[in-house]
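Residue numbers (the UniProt record's numbering): 1 to 71.
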């Protein structure tokens, strides 16, 4: 599945984002609005990790979203 489906279901997935990345605030998640690049940037900022690591975490999370939450 592509990221467009996650973006389209962002309201339903916000809780899952908070479970995965608890340092993100509700305001962060609202501003991100499902945009992958913005989510990656906020993860980098809040967790002090490199872009590659944030992208890897997002890839792993996206796979779980595909398998569990958006079936």
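C-beta: ideal position from N, C-alpha, C; glycine also.
For clarity, every value in this text was computed on a predicted model and none was experimentally measured.
Does DSSP put residue 49 in a helix, a strand or coil?
Here residue 49 is taken as the residue at index 49 of the chain shown, counted from 1. In this structure, residue 49 counts as coil in the three-state DSSP scheme.
7 Å CB neighbourhood of residue 33 in its chain, flanking five on each side removed:
Translated into the one-based positions of the chain shown, residue 33 becomes position 33. If we look at residue 33 and ignore the five residues flanking it on each side, its Cβ neighbours are 10.
Taking the straight line between their C-alpha atoms, what separation do you get for residue 6 and residue 16?
Walking along the chain shown from the start, residue 6 turns up at place 6. Walking along the chain shown from the start, residue 16 turns up at place 16. Rounded to whole angstroms, residue 6 to residue 16 spans 11 Å at the Cα level.
Just the C-alpha distance for residue 27 and residue 63, rounded to the nearest angstrom, thanks.
To locate residue 27, count along the chain shown from 1; it is residue 27. To locate residue 63, count along the chain shown from 1; it is residue 63. Distance between the alpha carbons of residue 27 and residue 63 is about 25 Å.
Just to confirm the assignment: which complete alpha helix (DSSP H) runs, minimum length 4, are found wholly within the UniProt domain "CsbD-like" (4-55)?
10-20, 26-32, 36-47
Roughly how many angstroms lie between the CA atoms of residue 46 and residue 24, to the nearest whole one?
Taking the first residue of the chain shown as 1, we reach residue 46 at position 46. Taking the first residue of the chain shown as 1, we reach residue 24 at position 24. Spanning the two alpha carbons is a distance of roughly 7 Å.
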